[in-house]
C-alpha cells in the first residue's frame, strides 16, 4: 500500500463547525430578550396594573382605544428599556449576586455597547409611541423617562431605592394616563399615584429580601437592608397606607361595593404575603413578590366591575 493511499484512508480529525447564521442570530435575539426581561413578564404586569387603574378611572370606565393601546405597548417597551439600563449600570455588581449572575450583561454574553444600542432603539420606539398622544402627555413622558434613566444611579446613594423606583417608574404612568384621557391632573390622579408609588415600594422591598444577604456582602443599598428586623412591620404599614390611599380615591370617585370588594381581596392577598415572608426565607419572599400580580388584578377587577354594574 502506498503512503498516499494510507494517508487518504485515515479518518479526518474532528473540526469545530461554526453554527449556521440563523442559529447565531437566534441566540443573539434570545440573549437580547433575556436582557429586556421578555422571559420574565411579571415586571411588566406590575407596571401595567396602575396604568390600567388610572385609564379606567380617567376614562370613566371606557378609556380611549388609541390611548389604551399606546399605554399597553409603552409599558412593555419602557419596562424593557428600564431593565437594560439598570443591568448596564449593575453589570459589575450582578455577577456577585446569586440570583442575577446569569443575566446577559453580568455573564458577559452581551456587551455594554450592544446593551446601549438596544436601549436607544427601545427609547426611540417609546418616544414614537408617546408622540401619538397630546403635548401634555409627551412632556410628562419625558420627565418620566429622565427619572427612569436616573434610577440605576440614584439607587447607589439613596438608602430607599425601592421608593425611588415607585416615584420614577412604578406610578408615573398613572399621571400620564390622566393627562392623556382628561388633559389635566385632578386630585384623584395624585392619590392613585401615591398608591402606586407605595405599592412599588412594597413589592420591591419584598423582592429585595430575596437578595439581602448578597447585598449586605457587596454593600448594595435597599429598603430590605435599611428596615432590617423591622421589615415585616414596615412592609405591613406600607401595605395599609396603599389600601388607605385607594380608599380615598374611591371616596373621591363615589365608588361602591364592587370597588371596595376588590380592595378587600387585595388586603387578603397582603395578609397572605405577610405569612409567606414570616421567616424571611428567600424562595418564600420571591413567591410573595410574585403574588403582587394578583393584587393588581384584584384592584383592577373591582374598578372594572364598578363601572360595569353602575351604569
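In our numbering, the protein residues as written are 220 to 530.
Cβ atoms here follow ideal geometry from the backbone N, Cα and C, with glycine treated the same way.
Among 307, 323, 463, 419, which has the Cα closest to the Cα of residue 339?
Ranking 307, 323, 463, 419 by Cα distance to residue 339 puts 307 first.
DSSP three-state call for residue 177: helix, strand or coil?
There is simply no residue 177 to check, as the chain begins at 220 and stops at 530 in what is shown.
Below 8 Å on the Cβ atoms is my contact criterion, and I expect residue 488 with residue 517 to pass it. Report the Cβ-Cβ distance as a whole number of Å.
A Cβ-Cβ separation of about 6 Å places residue 488 in contact with residue 517 under the 8 Å criterion.
Say whether chain C places a C-beta atom closer than 7 Å to the C-beta of residue 399.
Among the chains in the structure shown there is no chain C, since it carries only a single protein chain.
So which of 329, 330, 278, 365 has the shortest CA-CA distance to residue 346?
That would be 365, whose Cα lies nearest to the Cα of residue 346.
Given residue 351, which residues of its chain have a CB within under 6 Å of its CB, disregarding the five upstream and five downstream residues?
Only 289 meet the Cβ criterion.
Own chain, CB closer than 8 Å to residue 416, minus 5 neighbours either side, in chain order
Short of 8 Å from the beta carbon of residue 416, and not among the five residues preceding or following it, lie these beta carbons of its own chain, in chain order: 382, 385, 386, 389, 390.
How is residue 315 classed by DSSP in three states: helix, strand or coil?
Coil.
What residue does the alpha helix (DSSP H) around residue 428 start on, and which one ends it?
Following the DSSP letters along the chain, one finds residue 428 inside the alpha helix (DSSP H) bounded by residues 406-429.
Cutting at 7 Å between CB atoms, please list the residues of its own chain near residue 287, excluding the five before and the five after it.
Here the set comprises 274.
How should residue 456 be labelled, buried or exposed, when 16 other C-beta atoms within 10 angstroms of its C-beta is the threshold for buried?
Exposed is the call here.
Within a Cβ cutoff of 6 Å, which residues of the same chain sit near residue 508, ignoring the five residues on either side of it in sequence?
Cβ within range, chain order: 422, 425, 426.
What are the complete alpha helix (DSSP H) segments, minimum 4 residues, inside the stretch 238-315?
Restricting attention to alpha helix (DSSP H) runs no shorter than 4 residues, the stretch 238-315 encloses them at 240-254, 261-277, 284-308, 310-313, ordered along the chain.
Quick test of the definition: if touching needs 3 or more C-beta pairs under 8 Å, does the stretch 324-334 touch the stretch 443-456?
By the Cβ criterion, the stretch 324-334 is not in contact with the stretch 443-456, since fewer than three pairs of Cβ atoms, one from each stretch, lie closer than 8 Å.
Check whether the stretch 359-373 and the stretch 289-306 touch, using three or more Cβ-Cβ pairs below 8 Å as the test.
Note that the stretch 359-373 touches the stretch 289-306; at least 3 beta-carbon pairs, one per stretch, sit closer than 8 Å.
Please determine, among 376, 337, 335, 394, the residue with the shortest C-alpha to C-alpha distance to residue 361.
Taking each of 376, 337, 335, 394 in turn and checking the Cα distance to residue 361, the smallest one comes out for 394.
Tell me which same chain residues have a C-beta within less than 8 Å of the C-beta of residue 239, skipping the five on either side of it?
Nothing listed; no residue qualifies.
Residue 528 by DSSP, collapsed to three states: which one?
DSSP places residue 528 in the coil class of the three-state scheme, outside both helix and strand.
What residue range is occupied by the uninterrupted alpha helix (DSSP H) comprising residue 380?
380-384 is the span of the alpha helix (DSSP H), which, as asked, contains residue 380.
If distances are taken between C-alpha atoms only, which option among 478, 510, 314, 458 comes closest to residue 276?
It is 478 whose Cα lies nearest to the Cα of residue 276.
Residue 463 versus residue 486: straight-line alpha-carbon distance, rounded
In this structure, the straight-line span from the alpha carbon of residue 463 to that of residue 486 is close to 11 Å.
Using three-state DSSP, classify residue 438 as helix, strand or coil.
In the three-state scheme derived from DSSP, where H, G and I count as helix and E and B as strand, residue 438 is classed as coil.
Mapping DSSP to helix, strand and coil, what is residue 358?
DSSP places residue 358 in helix when its eight states are reduced to three.
C-alpha distance - residue 224 paired with residue 241, whole-angstrom precision:
Caution is warranted here: a pLDDT of 45 is assigned to residue 224, below 50, making its placement in the model unreliable, and no coordinate value can be reported.
Between the CA atoms of residue 440 and residue 324 - distance to the nearest angstrom
Taking the straight line from one Cα to the other gives about 21 Å.
If you drop the 5 nearest sequence neighbours on each side, which residues of the same chain put their C-beta closer than 7 Å to that of residue 430?
Cβ within range, chain order: 316, 318.
Element boundaries [alpha helix (DSSP H), containing residue 336]
For residue 336, the enclosing alpha helix (DSSP H) covers residues 331-349.
Is residue 403 buried or exposed, if buried means 16 or more other CB atoms sit within 10 Å of its CB?
Exposed, because fewer than 16 other Cβ atoms sit within 10 Å of the Cβ of residue 403.
For residue 377, count neighbouring Cβ atoms within 10 angstroms of its own Cβ and tell me buried if that reaches 16, exposed if not.
The residue is exposed, with fewer than 16 neighbouring Cβ atoms inside 10 Å.
Quick one: what does DSSP say residue 363 is sitting in, helix, strand or coil?
Helix.
Flag this pair as yes or no: are the beta carbons of residue 468 and residue 407 separated by less than 7 Å?
In this structure, residue 468 sits near residue 407, with a CB-CB distance shorter than 7 Å.
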